[in-house]
Amino acid sequence: MKKLLILFTIYTFTSCGSISQNSTLKKIGVFDTRSELGIIKNKNQKILFLKMHHVGKKEFYNDVAHKIDSLQKLGYTVFYESAIDEETDSLITIKNGMKLRKLMGFFPDKYLDTTTNIIAGKIKFKGNHKLFNQPKYTQLNVSTYTSIKADVNLSELITEFEKKYSEIKLEDCDFRFRLEDKNYKCKMANKSLRKKFEKEFIQDYRNRHLAKKIIDSKKKKVLVVYGDTHYVGLYREFLLNSEL
Numbered sequence: 043m044k045k046l047l048i049l050f051t052i053y054t055f056t057s058c059g060s061i062s063q064n065s066t067l068k069k070i071g072v073f074d075t076r077s078e079l080g081i082i083k084n085k086n087q088k089i090l091f092l093k094m095h096h097v098g099k100k101e102f103y104n105d106v107a108h109k110i111d112s113l114q115k116l117g118y119t120v121f122y123e124s125a126i127d128e129e130t131d132s133l134i135t136i137k138n139g140m141k142l143r144k145l146m147g148f149f150p151d152k153y154l155d156t157t158t159n160i161i162a163g164k165i166k167f168k169g170n171h172k173l174f175n176q177p178k179y180t181q182l183n184v185s186t187y188t189s190i191k192a193d194v195n196l197s198e199l200i201t202e203f204e205k206k207y208s209e210i211k212l213e214d215c216d217f218r219f220r221l222e223d224k225n226y227k228c229k230m231a232n233k234s235l236r237k238k239f240e241k242e243f244i245q246d247y248r249n250r251h252l253a254k255k256i257i258d259s260k261k262k263k264v265l266v267v268y269g270d271t272h273y274v275g276l277y278r279e280f281l282l283n284s285e286l
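If you want it as structure tokens, here you go:
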């Protein structure tokens with residue numbers, strides 16, 4: 043099985059039943075041509091947050107790559123988003139992928155299906171926009187020597203979620219479909235569990251983990267390269283915890 047890369051941002055915006063397709067994509071920045079930098083300060087570190095989109099235009103990713111390259115030359119260390127499981131071929135990883143699919147309704151192997159122009163398995167965009175999936179970090183000039191993977195892997199998210207609430211039970215139907223099968227139509231987990239997973243784990247749990255990772259690193263200059271929905275949450279973590 044391929045490396046398991048969990049991409050969450052668009053799921054946050056498509057969890058509602060009623061959406062206006064292109065207006066929603068515009069709202070979350072899919073058609074942007076330039077990336078935006080946010081600033082977070084704490085007592086001992088200067089933190090820049092590069093607001094990433096996981097689907098976007100070529101010009102956007104060119105701008106991201108330029109900013110990353112320039113800031114690394116100024117001494118910034120990149121902290122990047124990636125929920126890759128270490129045991130990529132294990133049965134546990136596959137099972138956790140199925141549990142994620144049970145919660146989300148699809149397996150987010152890639153945001154954009156470039157054949158059908160469908161994003162996150164839900165939104166079909168219209169018009170002449172040429173969109174791309176987020177390139178690999180090495181293609182965005184992220185240093186393989188100095189950068190830090192700051193995310194939580196999928197297995198930890200699922201394990202902690204089940205500890206707090208209940209086991210995500212898989213049914214026979216779930217095992218009939220490969221993870222990436224676009225025809226998956228099994229019963230989803232109940233709506234209450236799905237909302238808790240999105241709010242408390244996809245967002246809050248990962249934001250807390252990211253904040254701690256930054257603090258523990260003791261790096262003076264930090265460049266966070268994460269989906270833009272995490273900016274407010276990370277800012278809040280530093281705001282609410284004065285010891286940070």
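Mind the numbering: the sequence shown is residues 43 to 286 in my numbering, read in order.
All C-beta atoms in this analysis are idealised placements derived from N, C-alpha and C, irrespective of residue type, glycine included.
These numbers were taken from a predicted model, which means no experiment stands behind them.
For residue 111 versus residue 77, is the C-beta distance shorter than 8 Å?
One-based indexing of the sequence shown puts residue 111 at position 69. One-based indexing of the sequence shown puts residue 77 at position 35. The answer is no: Cβ separation not under 8 Å.
Ordered along the chain, which non-local residues of its own chain (more than five positions away) have a Cβ less than 6 Å from that of residue 192?
Here residue 192 refers to the residue found at position 150 when the sequence shown is read from its first residue. Closer than 6 Å at Cβ, skipping near neighbours: 121, 252 and 255.
Option in 246, 119, 149 and 101 with minimal Cα separation from residue 219:
Numbered from its first residue, the sequence shown carries residue 219 at position 177. Residue 149 is the option with its Cα nearest to residue 219.
Would the beta-carbon of residue 223 fall within 8 Å of that of residue 140?
Counting from one through the sequence shown, the residue named residue 223 turns up at place 181. Counting from one through the sequence shown, the residue named residue 140 turns up at place 98. Not in contact: residue 223 and residue 140 (Cβ atoms no closer than 8 Å).
Please tell me whether residue 143 and residue 247 are closer than 8 Å, where the distance is taken between their beta carbons.
As a first step, residue 143 must be located in the sequence shown, where it is residue number 101. As a first step, residue 247 must be located in the sequence shown, where it is residue number 205. Contact flag unset, no.
Apart from the five residues on each side of it in sequence, which residues of its chain come closer than 8 Å, Cβ to Cβ, to residue 118?
Taking the first residue of the sequence shown as position 1, residue 118 is located at position 76. Cβ contact annotation for residue 118 (same chain, cutoff 8 Å, sequence separation greater than five): 90, 263, 264 and 265, in chain order.
Spatial distance of residue 279 from residue 203 (CA atoms):
In the sequence shown, counting from the first residue as 1, residue 279 sits at position 237. In the sequence shown, counting from the first residue as 1, residue 203 sits at position 161. Put simply, the backbone Cα of residue 279 is about 20 Å away from that of residue 203.
Run the CB neighbour count on residue 181, radius 10 Å, all protein chains shown included, and call it buried at 16 or more, exposed below.
Here residue 181 is taken as the residue at index 139 of the sequence shown, counted from 1. An exposed status is given to residue 181, since fewer than 16 other beta-carbon atoms sit within 10 Å of its beta-carbon.
Compare the C-alpha of residue 194 against each of 136, 205 and 125 and name the closest.
As a first step, residue 194 is located in the sequence shown; it is residue number 152 there, counting from the start. Residue 194 has its Cα closest to that of 125, out of 136, 205 and 125.
So, is residue 281 buried or exposed, given that buried needs 16 or more other C-beta atoms within 10 angstroms?
Stepping through the sequence shown from its first residue, residue 281 is reached at position 239. Burial state of residue 281 is exposed, judged by a 10 Å Cβ sphere holding fewer than 16 other Cβ atoms.
In or out: residue 244 buried (at least 16 other Cβ within 10 Å) or exposed?
Residue numbering aside, residue 244 sits at position 202 when the sequence shown is read from its first letter. Classification for residue 244: buried.
Can you give me the C-alpha to C-alpha distance between residue 115 and residue 185, rounded to a whole angstrom?
Counted from its first residue, the sequence shown places residue 115 at position 73. Counted from its first residue, the sequence shown places residue 185 at position 143. Distance between the alpha carbons of residue 115 and residue 185 is about 10 Å.
Does DSSP classify residue 78 as helix, strand or coil?
Position 36 of the sequence shown holds residue 78. Of the three classes helix, strand and coil, the one that applies to residue 78 here is strand, per DSSP.
Sequence-distant residues of the same chain with beta carbon closer than 7 Å to residue 239, five excluded per side
Along the sequence shown, read from residue 1 onward, the residue named residue 239 stands at position 197. Contacts found: 145 and 203.
Per DSSP, what kind of secondary structure is residue 201 in: helix, strand or coil?
For the purposes of this step, residue 201 is taken as residue 159 along the sequence shown, with counting starting at 1. Reduced to three states, the DSSP call for residue 201 is helix.
Round the Cβ separation of residue 277 and residue 94 to the nearest angstrom and send it over; I've been treating them as touching at under 8 Å.
Numbered from its first residue, the sequence shown carries residue 277 at position 235. Numbered from its first residue, the sequence shown carries residue 94 at position 52. Taking 8 Å as the upper bound for CB-CB distance, residue 277 and residue 94 are not in contact here, some 16 Å apart.
First and last residue of the uninterrupted beta strand (DSSP E) at residue 210
Here the question's residue 210 lines up with position 168 in the sequence shown. Per DSSP, residue 210 lies in no beta strand (DSSP E) and is assigned neither H nor E.
So for residue 46, helix, strand or coil by DSSP?
As a working mapping, residue 46 is identified with position 4 in the sequence shown. Caution is warranted here: a pLDDT of 39 is assigned to residue 46, below 50, making its placement in the model unreliable, and no coordinate value can be reported.
In whole angstroms, give me the CA-to-CA distance for residue 200 and residue 232.
Here residue 200 corresponds to residue number 158 of the sequence shown, with the count starting at 1. Here residue 232 corresponds to residue number 190 of the sequence shown, with the count starting at 1. Taking the straight line joining both Cα atoms gives about 16 Å.
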